[in-house]
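The sequence shown: position 345 = 351 (our numbering), numbered continuously.
This report refers to the structure that appears directly beneath it.
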Amino acid sequence: MKKLKVVYLWLIRFLSILNIWKPSNKVIYLMSFDNNLDFIKQLAQKTPNRFHLIVLYRPETEAAATELAAFGIETHEFNDGIKFVFDFVPLLMGARVIFCDNYYAFLGGLVHPKKMKIIQIWHANGAIKKFGWEDPTTEERSKSDKKRFQDVYDHFDEYIVASEAMGNVFQHSYHESVEKMQLLGYPRSDQYLDKQWQVSARERIYRAAPELREHRVILYAPTYRPDKSFKLPVGLGAALSADQNAIVVVKLHPVLRNRENAMRQIGNPRIKFYHELATSELLAVADTLVTDYSSVAFDFSLLPNAKSLIFFMFDLERYRLDPGVQGDFLDWLPTKPVTTVDELKREIRARKPTSFEQFNKHWNTYNDGQATHRCLDRYLNLLK
């Protein structure tokens, strides 16, 4: 497997060299998350005519890509493989600017000419869990693996961040310099501070789920876990529905939906599963968010309807080992995490309001509703 990865990256490098003299007339956005569509649309509208915006997207963001295509943006699905090497590496080598919303392993083999700028726009406002060099399991990897990881990190010319705290995370997680951190705010955060978006998001949710309108809404949205043995704790459904006047909306990652069965079997009509509704819009009607290590907490804290935030970390000790938790997380979480269903039940019933002021100062420092404007201003200047 390692030999195949080496050969694959060598092929990417070879095709890169063959296409290194291609005219730099493209702006490319690599999309594996669907939470930055407004930024991409505005980028398309304001990109100078002599440049062409193309979105390369992972299969899981097909619905978002369809929306962008309907807006008139050229989109192409991509997966790693030989087809990617021959179809898309030449395309990438014609880019003046490449935006990335995630870690993309193929970058480690891509030749990076000085005329090209690769921007990491990331997919979260902050980080509770560790990644990159901070992930405890990274130390167990081979020297060749570690070199490949750092080759990818070093390809990023700049990192768009919303706070010094997130800049510090990238500096430690990716071994990158502070000079690469651009304190611009995340464009994706602007919607949460836009009153028009808040109203329209609520209206869309209430049309689809009118029963949520007159109740306290408790949204349970834990982070994705790749572990196939992962199980939700016994009694979770009863704890989440401890407030008799509330409706509980369970929003698990699509990969984990089969874990919903235990709560469905309770037969509690106040526990709802709306797979068709976006988590970002459900946040706009939630009074209480129950999560764990997910970045959804950083989004929720920006909304005016956010009354309380509960961190239910029932597997904290295991999670500290893999993938790891930021060492100072207890210093800046707005509420102390709970680890048992009994503690969760008490917190649900208590309805204690959460103060987000210090939390937002720490993580959402530059998320002020103008992040899209600042990012477009900076990166469109590269195209002049």
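Built from N, CA and C at the ideal position, the CB exists for glycine as well.
Cβ separation of residue i and residue j, assumed to be a contact under 8 Å, to the nearest whole Å
i, j, result
"Gln204", "Ala290", "6 Å"
"Ala377", "Tyr192", "6 Å"
"Leu327", "Pro142", "6 Å"
"Met319", "Pro340", "No, Met319 and Pro340 are not in contact; Cβ-Cβ is about 14 Å, not under 8 Å."
"Pro54", "Leu389", "5 Å"
"Ile33", "Val103", "It should be noted that the sequence gives Val, not Ile, for residue 33. Going by Cβ atoms, the distance from Val33 to Val103 rounds to 5 Å, so yes, they are a contact pair."
"Phe304", "Asn41", "The Cβ separation is near 12 Å, so there is no contact."
"Asn31", "Gly100", "6 Å"
"Ile277", "Leu246", "7 Å"
"Phe155", "Ile18", "Not quite, the Cβ-Cβ distance comes to about 16 Å (not below 8 Å), so this is no contact."
"Tyr280", "Ala207", "No, Tyr280 and Ala207 are not in contact; Cβ-Cβ is about 13 Å, not under 8 Å."
"Ser179", "Glu140", "5 Å"
"Asp321", "Thr229", "Wrong, their Cβ atoms sit about 11 Å apart, outside the cutoff."
"Asp157", "Gly375", "That belief does not hold up - the Cβ atoms of Asp157 and Gly375 are roughly 36 Å apart, past 8 Å."
"Lys135", "Gly330", "7 Å"
Limits of the unbroken beta strand (DSSP E) element including residue i
i, result
"Met187", "187-189"
"Ala76", "Ala76 -> not in any beta strand (DSSP E); alpha helix (DSSP H) instead, spanning 68-76."
"Phe39", "That residue, Phe39, is in no beta strand (DSSP E); it is neither H nor E in DSSP."
"Leu59", "58-63"
"Lys123", "123-126"
"His118", "It is not in any beta strand (DSSP E) - His118 carries neither H nor E in the DSSP assignment."
"Thr143", "Taken as a continuous stretch (DSSP letters only), Thr143 belongs to no beta strand (DSSP E), as it is neither H nor E."
"Thr53", "That residue, Thr53, is in no beta strand (DSSP E); it is neither H nor E in DSSP."
"Glu1", "Any answer about residue 1 is impossible in this case: the structure gives the chain only from 7 up to 390."
Closest Cα partner of residue i within the set the options
i, options, result
"Gln126", "Asn85, Glu146, Ala168", "Ala168"
"Glu73", "Glu83, Leu43, Gly132, Leu242", "Leu43"
"Leu62", "Met37, Phe77, Phe362", "Met37"
"Trp128", "Asp107, Asp86, Asn55", "Asp107"
"Leu189", "Gln332, Tyr372, Thr297, Glu220", "Tyr372"
"Asn25", "Leu59, Ala70, Pro119, Phe39", "Pro119"
"Pro29", "Phe57, Leu15, Asp40", "Phe57"
"Tyr396", "Asp93, Gly243, Gln48, Leu199", "Given a span of 7 to 390 for the chain in the structure shown, any question on residue 396 remains unanswerable."
"Gly87", "Glu66, Val13, Lys121", "Val13"
"Phe39", "Thr285, Trp338, Gln364", "Thr285"
"Ser300", "Ala207, Glu282, Pro310, Gln332", "Gln332"
"Lys351", "Ile60, Phe317, Trp338", "Phe317"
"Thr294", "Leu283, Glu282, Ser307", "Ser307"
"Ser22", "Asn264, Val91, Pro228, Asn267", "Val91"
"Ala4", "Asp334, Gly241, His221", "Look at the range of the chain in this structure, 7 to 390, and you will see that residue 4 is not part of it."
"Phe335", "Tyr35, Phe105, Met172, Lys9", "Met172"
"Ala69", "Val158, Gly375, Glu282, Glu209", "Glu282"
"Lys358", "Leu315, Thr67, Ala248, Phe176", "Leu315"
"Asn264", "Ile79, Trp27, Lys237", "Lys237"
"Val296", "Glu287, Val255, Pro329", "Val255"
"Ala133", "His379, Asn370, Cys381, Asn387", "Asn370"
"Gln250", "Gln48, Ala356, Phe162", "Ala356"
"Leu386", "Tyr198, Lys313, Glu209, Ile46", "Ile46"
Residues sharing a beta bridge with residue i, DSSP
i, result
"Glu282", "BP columns for Glu282 are empty, so no partner."
"Val255", "Leu225, Lys278"
"Leu98", "None; Leu98 has no bridge partner."
"Thr294", "Ile224, Ser314"
"His129", "DSSP lists no partner for His129."
"Phe105", "Tyr35, Ile125"
"Lys136", "DSSP lists no partner for Lys136."
Short CB-CB distance (under 7 Å) between residue i and chain D
i, result
"Ser195", "The structure shown contains no chain D; it holds only a single protein chain."
Residue range of the alpha helix (DSSP H) that includes residue i
i, result
"Tyr385", "377-386"
"Tyr165", "Careful: Tyr165 lies outside any alpha helix (DSSP H), inside the beta strand (DSSP E) at 164-167."
"His161", "149-161"
"Ile23", "8-24"
"Gly243", "242-246"
Closer than 6 Å: residue i CB and nearest the ligand NAD heavy atom
i, result
"Leu116", "With respect to small molecules bound, the structure shown includes none, and the ligand NAD cannot be examined in it."
Quick check for students: name the residue ranges of the alpha helix (DSSP H) that lie wholly in the region 178-231, counting only runs of 4 or more.
DSSP runs (the alpha helix (DSSP H)) wholly in the region 178-231: 201-214.
### Task
Enumerate, from N- to C-terminal direction, the unbroken beta strand (DSSP E) stretches of 3 or more residues contained entirely within the region 303-373.
Within the region 303-373, the runs of beta strand (DSSP E) at least 3 residues long that lie entirely inside it are, in chain order, 314-317.
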